[in-house]
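Comments concern the structure below.
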Amino acid sequence: MKDNFARQYIHITGIVQGVGFRPFVYQLALQYALVGWVINDSEGVKIDAQGSSENLEQFIIELQQQAPPLSRIDQMTVTPLPLWSITEKPRLFSIEKSQHCDSTTVCVSPDQGVCNACKQDIVDPTSRYYHYPFTNCTHCGPRYSITRALPYDRISTSMASFALCHDCQQAYENPLDRRYHAQPISCAVCGPWTRFIDYRDNAVSDTELMQQAAINQLANRLQAGAVVAIKGLGGFHLVCDGTNVDAVAQLRQIKHRQQKPLAVMVADLELAQQLVIGDTIEWQALDSQARPIVLMHKSQTVNSSTNTVSVAVNVAPNVPYLGVMLPYTPLHYLLFTALAEINATAVLVMTSANVSGMPIATDIQQIEQQFLGTIDSVLDHNRPIVHACDDSVVHYAGGKIRPLRMARGYAPYSQFGDKAKTITLALGAQQKSTIALALPHQWVVSPYIGDLNNLDTEQRYQQNVADLQALYQVTAPQLVCDKHPSYYSTTYAKQLVSISPIPVNLLQVQHHHAHILAVMAEYNLIKPVIGFTFDGTGWGDDNSVWGGEVLLASCQDYQRIGHLRCFRLIGGEQAIKEPARLLLAMLLECYDLDAIKAMQLRAFSTWSETHFNNLYQLWQSGSRSPYTSSMGRFIDAWACLLGLIDKVNYEGQCGLLLEKAAKQDTNPVPLSFQITSDNIIDWQPLLEYVLPLIHEISDQQRQSWVSSLAQGVFVAIADIIVTIAKQYPHHAVVLGGGVFQNRVLVDQIYHQFSGQSQPLYCGEKLPSNDAAIAAGQLWYAFHYHHIDSQEL
1 MKDNFARQYI HITGIVQGVG FRPFVYQLAL QYALVGWVIN DSEGVKIDAQ
51 GSSENLEQFI IELQQQAPPL SRIDQMTVTP LPLWSITEKP RLFSIEKSQH
101 CDSTTVCVSP DQGVCNACKQ DIVDPTSRYY HYPFTNCTHC GPRYSITRAL
151 PYDRISTSMA SFALCHDCQQ AYENPLDRRY HAQPISCAVC GPWTRFIDYR
201 DNAVSDTELM QQAAINQLAN RLQAGAVVAI KGLGGFHLVC DGTNVDAVAQ
251 LRQIKHRQQK PLAVMVADLE LAQQLVIGDT IEWQALDSQA RPIVLMHKSQ
301 TVNSSTNTVS VAVNVAPNVP YLGVMLPYTP LHYLLFTALA EINATAVLVM
351 TSANVSGMPI ATDIQQIEQQ FLGTIDSVLD HNRPIVHACD DSVVHYAGGK
401 IRPLRMARGY APYSQFGDKA KTITLALGAQ QKSTIALALP HQWVVSPYIG
451 DLNNLDTEQR YQQNVADLQA LYQVTAPQLV CDKHPSYYST TYAKQLVSIS
501 PIPVNLLQVQ HHHAHILAVM AEYNLIKPVI GFTFDGTGWG DDNSVWGGEV
551 LLASCQDYQR IGHLRCFRLI GGEQAIKEPA RLLLAMLLEC YDLDAIKAMQ
601 LRAFSTWSET HFNNLYQLWQ SGSRSPYTSS MGRFIDAWAC LLGLIDKVNY
651 EGQCGLLLEK AAKQDTNPVP LSFQITSDNI IDWQPLLEYV LPLIHEISDQ
701 QRQSWVSSLA QGVFVAIADI IVTIAKQYPH HAVVLGGGVF QNRVLVDQIY
751 HQFSGQSQPL YCGEKLPSND AAIAAGQLWY AFHYHHIDSQ EL
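Read in full-length UniProt numbering, the sequence shown has 783 at position 783, and its numbers run on one by one without any break.
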């Protein structure tokens, strides 16, 4: 009889806390008549179970196959144990109190959008969660943004100060309840509350309106055209009526964001389908529980009289896409309900509450410091935000949904891996900053922090560095950062080394190598690859500005086997804001100044003779006009040559305008780069093709011609990638860098590789931009000492 029974000790790591894993285990154990216990600790979920051998075997299978939807099992180890004696054997299966361990291997779950069951609760008049804006359960709600420490228990979250009422306590303690150990559980009796704060006429007035009354009052203000702030999961939003041109203009003025596209939140999928069009996979991403902003094609009938609503023209001007998201908290759903009751618009501009360039505000004091006197009112709440977390942004390119900003719902991003022999902290880059931490059995990338260009973002960055290590109870003895000497992340890494009470090893990784390594990390690639790193700027080993690089890369090293032909950044960073300077610099590599003047290009039509000559003198100055091989800057210059832009108002604007033009034509001009004998990707043939034709094109033909040239340049870039890759047929092809956020280009590359045997990799979980640099730095550190150098 004894032989038919077994006892197993099961240790599970991954995203297994705060996602309903223990009640799932409990119910499964009851189903299979097992005795024992399940426990949370900072190393994951641990189970000690005994029962019939057949039942226990099936129990272990279903642990993996039927795991809760928000969970992720990275590793499960099963160890046989001796059967309990009659006196030791538990009578039942139980859930034990969480414990702390010296090490932490559990993963922090990202915040999640409200689930369907909780949505039903907030509209059910018989539910005690009716109209409660903080309704949640184990399948949804805040996670990372409220977590102070691991394991994930209420006492370690910002909900610790809210004592549970009798009803919530019962639900919290009942393993069969959907809210069992849902750490943010609360109701109107015991939980957080919203309040409406009036800022009109510079007078701060707490009107005593709370919960639904506060939401209703905010809805009235939005209908009246006001710009307001709303506290959400990971920070505040600035919000206005997305159909009101004047309100949008006012929001732009308040945020200091004149042209960069804004995103909208709409009430439901039906309304979204009036505003944008997309493939099935895009609609699935939009409606997923992560609830990202999805950049989708604007509907051609967006202003049609058959539609019930249209978006103001200044929400996303002169670009082909509109960023759309659906409500993801009960508060959002209650706000849209309130708007519907007063027949107000169901389209809201919803953008992070920060003056452009600053970190997102997370408390009312930060809102008042930045916006007092400029916004109408605030919908605040008293659940503290421990970790700021912006909205994630994704788009559809190369047949996959790819992140552009990895934040709420997607981050912290964690991946199982046992390669880290030393706990390592990666400090990331300067732009789109993230940090990353390597632990013995996993590595973790933080949510998007921001550009490290001001003191406030630098302080938020420092706090993230401290918080991530504190969360996992470590102090990293090894740091890894970029080689750029002027990056704040680099100087901060060196500062941490200098003040550390323990010896700290510092590694540095070349920026573009890190881009390739990030993709290798995501796909767990170990063998050398042929990598194309196309971005705006990065510190090159020759002290020039790189950005159009072809690298033969391993986990530890790389060879620069090719790059875009260099041209000067006339006046340094000013050239990035004035792409006509980039165009002039390219022309000066091929023609003399008088010949360029004689071309009478539209890009230079407003320049005086003196201005021309001054820029020429700057061009001759090496120190003030450094060379660059940047593909991003080449794209900027191309957009300028085609007359699409004069001044750059936001990063990526030139690429977006080229995308818009390219989408209007399916017959690209046959443009081609030339590869020189020393593997330089020469753009001069493109100029020589276009320049003689510029004045021959009539005004009637111009739009079609520009569109053909826009499409043609993306085809030419894809062509050169395929051509070079074919020289290394036994290497996988990796794409990294911000230029590969351009979906026309990525679509074209994947189209051209569809008939190729070489594997092609571009980030699907990590962005192509600098937000992935920290992950690439970790991949370098993983292999720094314990992988032999490989033949490239």
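Note that the Cβ used here is the ideal one computed from N, Cα and C, for glycine as well.
Span of the beta strand (DSSP E) around residue i
i: A397; result: 393-397
i: H11; result: 5-15
i: P403; result: 400-405
i: V324; result: 321-325
i: L413; result: Correcting the residue type first, residue 413 is Tyr in the shown sequence and not Leu. From DSSP, the beta strand (DSSP E) with Y413 extends over 413-416.
i: H237; result: 236-241
i: H181; result: Premise fails: H181 is in no beta strand (DSSP E) and is neither H nor E.
i: S94; result: 93-95
i: Y333; result: That residue, Y333, is in no beta strand (DSSP E); its alpha helix (DSSP H) goes 330-341.
i: H381; result: 377-381
Nearest-angstrom beta carbon gap, residue j and residue i [assumed within contact, 8 Å]
i: L583; j: C640; result: 5 Å
i: L92; j: E62; result: In fact, because the Cβ distance is near 19 Å, the residues do not count as touching under 8 Å.
i: V545; j: S630; result: 6 Å
i: T147; j: V108; result: 6 Å
i: T628; j: G547; result: 6 Å
i: Q58; j: Y32; result: 6 Å
i: A744; j: A662; result: Per the sequence shown, residue 744 should be read as Val rather than Ala. Their Cβ separation, rounded to whole angstroms, is 5 Å, which keeps V744 and A662 in contact under 8 Å.
Cβ neighbour criterion (16 or more within 10 Å) applied to residue i
i: V189; result: exposed
i: Q366; result: buried
i: I635; result: buried
i: G232; result: buried
i: A710; result: buried
i: Q369; result: exposed
i: G571; result: buried
i: T351; result: buried
i: Y152; result: buried
i: C399; result: Just to set this straight, residue 399 is Gly in the shown sequence, not Cys. With fewer than 16 other Cβ atoms within 10 Å, it is exposed.
i: H381; result: buried
i: A772; result: buried
i: Y780; result: buried
i: K765; result: buried
i: N303; result: Note on N303: pLDDT 49, under 50, position unreliable in the model; the coordinate value appears next. Its Cβ having fewer than 16 others within 10 Å, N303 is exposed.
i: R7; result: buried
i: G20; result: buried
Short Cβ contact (9 Å threshold) for residue i with residue j
i: P477; j: V504; result: yes
i: M76; j: I155; result: no
i: M586; j: G450; result: no
i: I254; j: I375; result: yes
i: V266; j: L326; result: yes
i: P320; j: P767; result: no
i: G643; j: R602; result: yes
i: P184; j: T157; result: yes
i: Y472; j: V444; result: yes
i: L658; j: F714; result: yes
i: N136; j: C165; result: no
i: L335; j: I215; result: yes
i: G234; j: R408; result: yes
i: V228; j: L379; result: yes
i: Y410; j: S433; result: no
For residue i, the first and last residue of its enclosing alpha helix (DSSP H)
i: N174; result: Taken as a continuous stretch (DSSP letters only), N174 belongs to no alpha helix (DSSP H), as it is neither H nor E.
i: K647; result: Counting along the chain, K647 falls outside any alpha helix (DSSP H), and DSSP gives it neither H nor E.
i: M520; result: 511-523
i: L54; result: Looking at the sequence provided, one finds Glu at residue 54 rather than Leu. Taken as a continuous stretch (DSSP letters only), the alpha helix (DSSP H) holding E54 covers 53-65.
i: R22; result: 21-31
i: S489; result: 488-499
i: T280; result: 280-286
Proximity test, Cβ basis, 9 Å: residue i and chain B
i: I10; result: Any reference to chain B falls outside this structure, which holds one protein chain only.
Taking contact to mean at least 3 C-beta pairs separated by less than 8 Å, is the stretch 449-462 in contact with the stretch 509-520?
no
Quick check: the stretch 759-774 against the stretch 539-555, are there 3 or more CB pairs under 8 Å?
no
Please determine if the stretch 486-502 and the stretch 171-189 are in contact, where contact requires at least 3 C-beta pairs separated by less than 8 Å.
no
Between the stretch 687-703 and the stretch 726-739, do three or more beta carbon pairs fall short of 8 Å?
no
Would you call the stretch 434-443 and the stretch 383-399 in contact, with 3 or more CB pairs under 8 Å?
no
Is the stretch 335-355 close to the stretch 232-243, with three or more CB pairs under 8 Å?
yes
Looking at C-beta atoms only, is the number of pairs between the stretch 282-291 and the stretch 113-133 that lie closer than 8 Å three or more?
yes
Segment contact, 8 Å Cβ cut-off, at least three pairs: the stretch 118-129 with the stretch 210-225:
no
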